[in-house]
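Start counting the sequence shown at 1; every next residue gets the next number (the working numbering).
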Amino acid sequence: METANSSSGIFRTTSDQLAETAMVVGMKSSASSEAVGGAETAVTLSRRASKRLTAASPGRASSSNSKNTHIRKSRSAQLKLELDDVNSGAALSRASSASLGLSFSFTGFTMPPEDMADSRPFSDDDIPEDLEAGTRKMKIQAEPTMPIHLKFTEVTYKVIHKGVTSTSEKKILNGISGCVNPGEVLAMMGPSGSGKTTLLSLLGGRLRKPTPGGSITYNDQPYSKYLKSRIGFVTQEDVLFPHLTVKETLTYAALLRLPKALTKQEKEKRATDVIYELGLERCQDTMIGGSFVQGISGGERKRVCIGNEIIINPSLLFLDEPTSSLDSTTALRTVEILQDIAEAGKTVITTIHQPSSRLFHKFDKLILLGKGSLLYFGKASEAMVYFSSIGCSPSISMNPAEFLIDLANGNINDVSMPSELEDKVQNSGTEGRKGKASPAVVYEYLVEAYETRVADNEKKKLMIPLPIDEELKAKMYNSRKEWGVSWWEQFSILFRRGLKERRHDYFSWLRITQVLATAVILGLLWWQSDGDSPKELQDQAGLLFFIAVFWGFFPVFTAIFTFPQERAMLNKELAANMYRLSAYFVARTTSDLPLDLLLPVLFLLVVYFMAGLRSSPGPFFLSMLTVFLCIVAAQGLGLAIGALLMDLKRATTLASVTVMTFMLAGGYFVKTVPVFISWLRYLSFNYHTYKLLLKVQYEHITHSINGIKIDSGVKEVSALLAMVIGYRLLAYLSLRRMNLR
């Protein structure tokens, strides 16, 4: 019986196969669709099915042309059936599998085991991987997370500009209302300067001063510090360390941000999972890169920023222009990642400038802003219907996003003018070029239309309380900060991260060449000088003073850049509660010490013996310790100036004046300082370093050199230690008081 069926199947035509396949699929589809039920499940499955249909997957190479031809026909039949039955719900994938299985049994064709993979239906796993274009399907973690419903009503925000003689106010937002629920992607669109980023920052809790107006609630509760660990915020600029690799960046984020309940191995595994979810495995060992460092591409860098936030499994994810500077294909894949994140039960809000038509149809909800006012809020798919209802529709085929941006700008070229607007223009006589309404008139009409037709209904919906239990609401009141690791672990992680990030700068050939070249020149100028005679002793004193000045000047201008350059990173990580400021400060200042102290060792090894200074071990190591004290004190001054001003130009100017003053008061140029300004030399680390170096070299010869008395050195050491601690304490307090945001 089986032989007869098999042999008869050989003579069947392709159309007979398709007809019988369609009949079986129809029977299974109808049975499954009755069992599934529910609009939400059908929509989700349809969306996933449509994603599979839009992906192109070439078949695997076979050994014979007949196999390839048969597989292509079978897949063509499968595609046709999926297109016809895309709304059949849960039966879709099973029907596709059935179509392939029946096709093979009808023809009596038996596939070898190594080619059995081609008998499966189309799968996202079959799509070849393209990291930049992002054509591979990634599965975003769907771990349970606290659902957060975000509502905002009549949100206003204004900035106060204080001038020399007057104070003015500028309104940024004028009564913005809307909501977004878990599982939805809300897009904010509008021209540049319309208030998108300001609104996003307000909703994400990143902009608290001056106090905004209106109401912003999370599960019907106000903002609390507890939400910091539930919110992911991706800024428009990619704020990343350029010398860390992708894997190191995400691993350090996981170690710092994930809860204490997870072990170190589990946190590292989470980072690895995120790398594979975002398609970053091929570049995981590549440096991020920056302006002067070659690294990963822009699309990969944006995915790393997203990975930094989704690694904590946030309930709310905010993104500011995630597709800026990306090509259309990479931008599409980025938005699809956001869609996958939302489908995992998270709430996603993003600003976007002018998306392509494919991107526009990926959003669930849309907010259209113009000059800080709300022009539309609702489903993205109904935006064109709404504007058509108020008489604004494109007269030519165009991208919906482009049409909406034109309207928000007051540009109605290629747009039909509503009769109400025409009457208003004729009555007021405010016609623009070519008889069109001016942008100001169009803007007023759009704001008025939304207020009269839509705003009241939307506000009524926002007044309806959410069906949330009291336990979930009570969590929103928890104001206690939750740290991922202890203070000591934060310090340890940040210390290791600092060493890896800055080792490239400290050991660059430019810096090493600078130090060694200076050392060789000094060694040649003071070649084997003798400190026994008074004349040569004066020459060696000049060398010692230059050493004190050089290693006082060099660290100051290196440390000045520390906090101003890392301000954006520090702001981002403190806003996300990644670590305590004290742990960061101690780790940042101590991780520089091992790197700062290696170059002075090379410098002294060259200069000390070329110049013929005291060759016994004691004076050599005491001279090195003195230089180390000078470096650490000077570094503290640079940190304090940078943290106090947070502006490189002003900080460099102040440091130049300060270092020059300390050098002049160092005791070499001026022997007799007036009494009223003599206190300056006691603030100069150059002065104390110079006195200690003189003591180490000449205490066995004389008690005074160039009018400087050589004493026990206790005062000088104490003064340098006080500077080491005092300058760093000043820098820390400056960071605490400064509004880093």
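We treat Cβ as the ideally placed atom computed from N, Cα and C, and that holds for glycine.
Using a Cβ-Cβ cut-off of 8 Å (strictly less than) and excluding sequence neighbours within five positions of residue i, which residues of its own chain qualify?
i, result
"Q697", "G531, Q540, L544, L613, R614, P619, S623"
"S734", "A640, A643, L644"
"T167", "I160, H161"
"I172", "Y157, K158, V159, G195, T198, G372"
Would you mind sorting residue i into buried or exposed? The rule is 16 or more other CB atoms within 10 Å of its CB.
i, result
"M398", "exposed"
"P465", "exposed"
"D596", "buried"
"Q635", "buried"
"Y608", "buried"
"G193", "exposed"
"G163", "exposed"
"L510", "exposed"
"I349", "buried"
"Q284", "buried"
"M569", "exposed"
"P222", "exposed"
"F403", "buried"
Report the rounded CA-to-CA distance for residue i versus residue j, giving the unit in angstroms.
i, j, result
"L199", "L278", "28 Å"
"S291", "L240", "12 Å"
"K379", "E573", "33 Å"
"P674", "A665", "11 Å"
"L186", "I337", "14 Å"
"G499", "A559", "The question names Gly, but residue 499 in the sequence shown is Leu. Their backbone Cα atoms lie some 15 Å apart in a straight line."
"Q538", "A254", "58 Å"
"D340", "N313", "13 Å"
"T702", "L692", "14 Å"
"K346", "W487", "30 Å"
"L602", "T518", "11 Å"
"R230", "F621", "53 Å"
"Y682", "Q528", "32 Å"
"A576", "S416", "47 Å"
"E169", "G391", "35 Å"
"V447", "T217", "25 Å"
"S774", "S395", "The chain is shown only over 1 to 741; residue 774 falls outside these bounds and no answer can be derived."
"C179", "T153", "9 Å"
"V606", "F550", "15 Å"
"R736", "L581", "8 Å"
"E437", "L202", "Position check: residue 437 holds Ala in this sequence, whereas Glu was assumed. Whole-angstrom Cα-Cα distance: 34 Å."
"A651", "V724", "19 Å"
"A401", "M646", "40 Å"
"R270", "Q294", "27 Å"
"T658", "F377", "56 Å"
"G190", "S381", "17 Å"
"A548", "E489", "37 Å"
"L369", "M188", "7 Å"
"P594", "T661", "28 Å"
To which residues does DSSP link residue i through a beta bridge?
i, result
"L374", "L369"
"E451", "E451 is not bridged to any residue."
"T249", "According to DSSP, T249 bridges with nothing at all."
"M189", "L368"
"P210", "The partner list for P210 (beta bridge, DSSP) is empty, contrary to what the question assumes."
"C179", "K151"
"V159", "K170"
"V415", "P394"
"I710", "Answer by DSSP bridge pairing: none, since I710 is not bridged."
"V670", "BP columns for V670 are empty, so no partner."
"S704", "K709"
"S215", "T153"
"K379", "K365"
Beta-carbon within less than 7 Å of residue i's beta-carbon, same chain only, minus the 5 sequence neighbours each way: which residues are those?
i, result
"L326", "G298, G299, K302, T334"
"T590", "F495"
"E699", "I710"
"K695", "I710, G713"
"I176", "F152, V155, L199, L374"
"E309", "G232, F233, V234, L317"
Go through its chain and collect everything with a Cβ distance to residue i's Cβ below 6 Å, but skip five positions before and after it.
i, result
"G410", "P439, V442, Y443"
"R358", "L332"
"Y668", "F545"
"W526", "L543, A611"
"Y727", "G636, L637, A640"
Within the chosen definition, does the stretch 499-508 reach the stretch 243-252 through at least 3 CB pairs nearer than 8 Å?
-> The stretch 499-508 is in contact with the stretch 243-252.
Assess, as a yes-or-no matter, whether the stretch 681-700 is touched by the stretch 718-726 under the definition of 3 or more beta carbon pairs within less than 8 Å.
-> The stretch 718-726 is in contact with the stretch 681-700.
If you pair each beta-carbon of the stretch 280-287 with each one of the stretch 260-269, do three or more pairs fall below 8 Å?
-> Too few Cβ pairs lie closer than 8 Å, so no.
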